[in-house]
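Chains as they are written, first to last, in full-length UniProt numbering: chain A, 1 to 537; chain B, 1 to 537.
Here a beta-carbon is modelled for each residue, glycine too, at the ideal position from N, C-alpha and C.
These figures come from a predicted structure and were not determined experimentally.
A quick write-up on the structure given underneath.
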């Protein structure tokens, strides 16, 4: 147990303080499930005393029956009042969470400047608040804000603040480098001293303002801390919080600590990428451990050495974190993932047959063009089934025209679509709230007489990202569409320099996949298998 | 002198190994000038033995008369030959550089696996190569590749390799963590031991595969290294090299070492942004010290504390590195964020006046509609200036029409724009790669005769997000556009159920902001203040 580290994820709370990160209650629930599967021990969901989105999250997350402890966030009670009358503390208890984190002051300067109260009152605020949580059977975590700055200026007072929480029964005392300005050598020394003074288990919470958040977290663990707080991909205010996607593999692979299981560690890359998609945040290709270039080799000497022994230029095996080696000259990477995906679909593939090699070539070519199948499993499945001749063309586009007009302040969008379905030409037009909606409407109108079940599908999310950043509106864009019926959710992708064309491609894939899936699962009688795009063979 | 650290920049050599980083000889010369102004001591320009681009660079850079030492890169001589006959070493000497870095092996495993020679021959390769450089009066730097991995496996041999370079007269012995897998505690211990064994001054060269490159560089300096090798913005293979933009301020502001002058340090942010423009690489908003969000504050409590004393949530004064504080506005934030933003702009606001209350109402209403100003500071500034009557209308849109057509597999987009500028009606049409690009082109065509400076602006990023996920393509979308000239980056937002309308809104804001800013900063003569949207008052 000595070397077990508790992972406290605050992507859903401190992570949303990051610029451009904004999550709906639905987003938060999806992310919580992924975090739970990754095996983190605590998921801090938000502040149930602050806004209706967080209240909704705490209500709905109960239904997910997660293994992780869902944790609420709040502050120590208001000055000159009592914990029992503090509406924010009351709401934490009422939310029914098993654990809560309260942030409180440990830097005397902040007590005077920000709280504007006395040093004694701040200590009472800490004691009262933790005693209140413990009386209400909530596991209690003290986030000692600005602890390192406080300790440097007034170590006695900073330690007193920690002891108050410990005396009131706090289960964890977490030392925060709130401003992100502390160096690893200082962290190591201060945590070692605190370790000698306290009995409560210690945690560490760092920020990345000096590009040292990961190093500071590791230094604290080496000095005796046993909980680490951070976020996926390091999201968070200013320069971000400590990045759990780097901390977990460092601890587990390099330093022999235990955080999550080895199988869970292998989901790290897909978890990080999934959450970056949900958050609509660009993941840097060079992000350590999980980035697309983290194990990519470009230099000729490196590549030839890598082919002799991958240890020559790789610090760990990429598979340990679910990532893969990429060799930018002759790319053999990703093959095994695709083979296992195809096998899962019942397709006859293996690394040696020609068909498989052709598919790999095709996927490599598409990825080079900017397609990304990680966030578009349905498009990948269609591509594989197409390659094996399993899919029939549902319709053929003859022409498409879209007109968007603004006149007298009103904006109108209309789409005209000419398609050929089962030998019949269908010509439809429709309006929409925007161009993609108009296209979607016109296409459905053309197809619904043949496939009435498409009325059950709706599009759940639509995202656009520029791939080639050299010239934002002239570069290529990648459109991701997430669709859903009542049972399933699937994602499709389209790429083009024209956002309308990319959207069209993703829309068509979405409808093809839906029809395929309905045929397979519900065996709808009025729509024979062939009509739905599946060829019997 | 004891605390002076030599900064060795390898952006132009190791940095170009990064995925997507490709620099022409012109680009390299521009970057070299910026690096020289920043005050780095060595600028590694490339490998004069490898390609014509690098040969051109070394020829032309002499004309720039830089203060920094321009440095060439190469390897120790080939096995079983002599330094005098090594074409790559000969070209280094011929290039006329004052200093050169040679990479060589110090890990026995690599000598066997990658070089495929004997341990003795590798030592001879090192000795001969450095003796050759010194005979030719070139300052000689030994980059001991994989030194830390080598030391862990066979410390005697790794040290022997270093001693060979030292004995041959190498001026610097640089310990490289080539695979980026070493931890700061290991770096500190190993550098300390090497320090005790060698007389040559030591350097450190790290990679960021564990998100520890900056920490590892600092640990080596604390253990006695006096040169640090890295790149601007951490560009480099896989996860990148050590980021000098974080290392320099950490050493100089936090650790009392001297690297560059305080005035030069104040150019750090503009240097980092300029080089990211030249390299066409997206700079993460949260990049430590120099990112656009490095000193941005979002949480309401943080903002109200910052207004009392910026030290409460800032680890250093942003001006030290040429960056600035920004107050973000968001659902999490209170009124105080907006007030301080407005005060920053010199507008007369305070929590009690009516105008301020109206603005708050307006922003709340817009946020309710789906606007998000935290990622769109330029739109917020325009909104505030509009509310205070500071902005003049640059043009009035009379009508807009967009046609996207697909026929025979080809997709075309054209835009027709009719605007009124200064009482004149301008009617333009333009094509584009996609609808937004067509609009952008048509609008610029209409405005450039009035405001020629808009040709300096380009759009750096374009993002679309569905706000109301209930019905993805019929719901509202939020478009964020990031624009840039060479000095500044700004973001604007548009919201509509029509992606074209939302894009148009963000585009127009981008251009309005650019013109406002140019008028304020450069005082352009052919574009009087009023014309640029600023009313004198």
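Using a Cβ-Cβ cutoff of 7 Å, what residues of the stretch 83 to 111 of chain B are near chain A? List them in chain order.
Taking 7 Å as the Cβ-Cβ cut-off against chain A, the residues of the stretch 83 to 111 of chain B that qualify are 110.
Does the stretch 174 to 192 of chain A come close enough to the stretch 337 to 355 of chain B to have 3 or more Cβ pairs within less than 8 Å?
Because the criterion of three Cβ pairs below 8 Å is not met, the stretch 174 to 192 of chain A and the stretch 337 to 355 of chain B do not touch.
Any Cβ of chain A within less than 8 Å of the Cβ of residue 405/B?
On the second chain, position 405 is the one that residue 405/B refers to. Cβ-Cβ to chain A under 8 Å: yes for residue 405/B.
Cβ of residue 425/B within 8 Å of Cβ of residue 381/B?
Sequence index remark: in the second chain, residue 425/B carries index 425 (1-based). Sequence index remark: in the second chain, residue 381/B carries index 381 (1-based). Against a cut-off of 8 Å, the Cβ pair of residue 381/B and residue 425/B comes out as no contact.
What number of angstroms, rounded off, separates the C-alpha of residue 544/A from the C-alpha of residue 252/A?
No information on residue 544/A is available, as it lies outside the stretch 1 to 537 that chain A covers here.
Starting from the C-beta of residue 260/A, find all residues in its chain whose C-beta is less than 8 Å away, skip the five residues before and the five after it, and write them out in chain order.
The residue given as residue 260/A occupies position 260 in the first chain. Excluding residues within five positions, the ones whose Cβ falls inside 8 Å are 7, 38, 39, 40, 248 and 252.
Chain A beta carbons: is any one of them nearer than 8 Å to that of residue 73/B?
Here residue 73/B corresponds to residue number 73 of the second chain, with the count starting at 1. No, residue 73/B lies away from the interface with chain A (no Cβ there is under 8 Å from its Cβ).
Can you pull the chain A neighbours of residue 295/B, defined as C-beta to C-beta under 7 Å?
In the second chain, the residue the question calls residue 295/B occupies position 295. Residues of chain A passing the Cβ test: 238.
Could you name the residues of the stretch 216 to 240 of chain B whose beta carbon sits closer than 9 Å to any beta carbon of chain A, in the order they occur along the chain?
The residues in question are 216, 218, 219, 222, 234, 235, 236, 237, 238, 239 and 240.
Can you look up residue 408/A in the DSSP assignment and give me helix, strand or coil?
Here the question's residue 408/A lines up with position 408 in the first chain. Reduced to three states, the DSSP call for residue 408/A is coil.
Does the beta-carbon distance from residue 130/A to residue 96/A come in below 8 Å?
Counted from its first residue, the first chain places residue 130/A at position 130. Counted from its first residue, the first chain places residue 96/A at position 96. Contact: no.
Kindly indicate which residue of 387/B, 206/B and 383/B has the alpha-carbon position closest to the one of residue 144/B.
In the second chain, residue 144/B corresponds to position 144, counting from 1. Ranking the options by Cα distance to residue 144/B, first place goes to 206/B.
Residues of chain B with CB closer than 9 Å to the CB of residue 287/A, please, in chain order.
Position 287 of the first chain, counting from 1, holds the residue named residue 287/A. Under the 9 Å cutoff, chain B gives 211 and 239.
Using CA coordinates, which residue listed in 136/B, 150/B and 102/B is at the minimum distance from residue 113/B?
In the second chain, the residue the question calls residue 113/B occupies position 113. Nearest of 136/B, 150/B and 102/B to residue 113/B, Cα basis: 150/B.
Are residue 499/A and residue 303/B close, meaning C-beta to C-beta below 8 Å?
As a position in the first chain, residue 499/A is number 499, starting the count at 1. As a position in the second chain, residue 303/B is number 303, starting the count at 1. It is not a contact, given that the beta carbons lie outside the stated cut-off.
Taking C-beta pairs closer than 7 Å, name the residues in chain B that residue 10/A reaches, listed in chain order.
For the purposes of this step, residue 10/A is taken as the residue at position 10 of the first chain. Going along chain B, no residue has its Cβ under 7 Å from residue 10/A, so there is no contact; the nearest lies around 13 Å.
Could you tell me whether the Cβ of residue 509/B comes closer than 8 Å to any Cβ of chain A?
As a position in the second chain, residue 509/B is number 509, starting the count at 1. It does not; no Cβ of chain A falls within 8 Å.
Any idea which residues DSSP pairs residue 171/A with across the strands?
The residue given as residue 171/A occupies position 171 in the first chain. Note: residue 171/A sits in no beta bridge, so no partner.
Can you name the residues that DSSP bridges to residue 49/B?
Mapped onto the second chain, residue 49/B falls at position 49. Note: residue 49/B sits in no beta bridge, so no partner.
What are the boundary residues of the alpha helix (DSSP H) that residue 379/B is part of?
Residue 379/B sits at position 379 when you count from the first residue of the second chain. Start and end: 377 to 387.
What does DSSP give as the partner residue(s) for residue 419/B in the beta ladder?
Taking the first residue of the second chain as position 1, residue 419/B is located at position 419. Residue 419/B pairs with 397/B and 426/B.
What runs of the beta strand (DSSP E), each 3 residues or longer, lie entirely inside the stretch 213 to 256 of chain A?
As far as the stretch 213 to 256 of chain A is concerned, its whole beta strand (DSSP E) runs of at least 3 residues are 227 to 230.
Could you tell me the distance, in whole angstroms, from the CA atom of residue 526/A to the CA atom of residue 516/A?
Here residue 526/A refers to the residue found at position 526 of the first chain. Here residue 516/A refers to the residue found at position 516 of the first chain. Low local confidence applies: a pLDDT of 38 at residue 526/A is under 50, so the model's placement there is unreliable, with the coordinate-based value given in what follows. Roughly 14 Å between the two C-alpha positions.
So that I know if they touch, is there some Cβ in chain B lying closer than 8 Å to that of residue 518/A?
The residue given as residue 518/A occupies position 518 in the first chain. It does not; no Cβ of chain B falls within 8 Å.
Can you give me the C-alpha to C-alpha distance between residue 127/A and residue 136/A, rounded to a whole angstrom?
As a first step, residue 127/A is located in the first chain; it is residue number 127 there, counting from the start. As a first step, residue 136/A is located in the first chain; it is residue number 136 there, counting from the start. Distance between the alpha carbons of residue 127/A and residue 136/A: 14 Å.
Taking residue 278/A as the reference, give the member of 289/A, 232/A and 297/A with the closest Cα.
Reading the first chain from its first residue, position 278 is the one you call residue 278/A. Among 289/A, 232/A and 297/A, the Cα nearest to that of residue 278/A belongs to 232/A.
From which residue to which residue does the beta strand (DSSP E) around residue 64/A run?
The residue you call residue 64/A lines up with position 64 of the first chain. Residue 64/A -> no beta strand (DSSP E), and no H or E assigned at all.
When we look at the beta-carbon of residue 64/B and count the other beta-carbons within 10 Å, is it buried (16 or more) or exposed?
Position 64 of the second chain, counting from 1, holds the residue named residue 64/B. The residue in question, residue 64/B, is exposed, as its Cβ has fewer than 16 Cβ neighbours within 10 Å.
When DSSP labels each residue in this structure, what does residue 188/B get in the three-state scheme?
Position 188 of the second chain holds residue 188/B. Residue 188/B falls in the helix class under three-state DSSP.
Buried or exposed: where does residue 256/B fall if 16 or more other Cβ atoms within 10 Å of its Cβ makes it buried?
Numbered from its first residue, the second chain carries residue 256/B at position 256. Exposed, since its Cβ has fewer than 16 Cβ neighbours within 10 Å.
Ignore the nearest five residues each way along the sequence and tell me which others in residue 172/B's own chain have a CB closer than 6 Å to its CB.
As a position in the second chain, residue 172/B is number 172, starting the count at 1. Answer for residue 172/B: 141, 201, 203 and 227, listed in chain order.
For the beta strand (DSSP E) that residue 480/A lies in, which residues bound it at each end?
For this step, residue 480/A is matched to residue 480 along the first chain. Note, residue 480/A: beta strand (DSSP E), 477 to 484.
With three or more C-beta pairs closer than 8 Å as the rule, is the stretch 20 to 40 of chain A touching the stretch 388 to 398 of chain B?
Short answer: they don't touch.
Count the C-beta pairs between the stretch 179 to 191 of chain B and the stretch 495 to 513 of chain A that are closer than 8 Å, then say yes if the count reaches three, no if not.
No, because fewer than three Cβ pairs between the stretch 179 to 191 of chain B and the stretch 495 to 513 of chain A fall closer than 8 Å, the two stretches do not touch.
When you compare the CB of residue 184/A with every CB in chain B, is at least one pair closer than 8 Å?
Within the first chain, numbered from 1, the residue matching residue 184/A stands at position 184. Judged by the 8 Å Cβ criterion, residue 184/A is in contact with chain B.
What are the partner residues of residue 273/A, as DSSP defines its beta bridges?
Residue mapping note: residue 273/A aligns to position 273 of the first chain, counting from 1. Partner(s): none; residue 273/A has no beta bridge.
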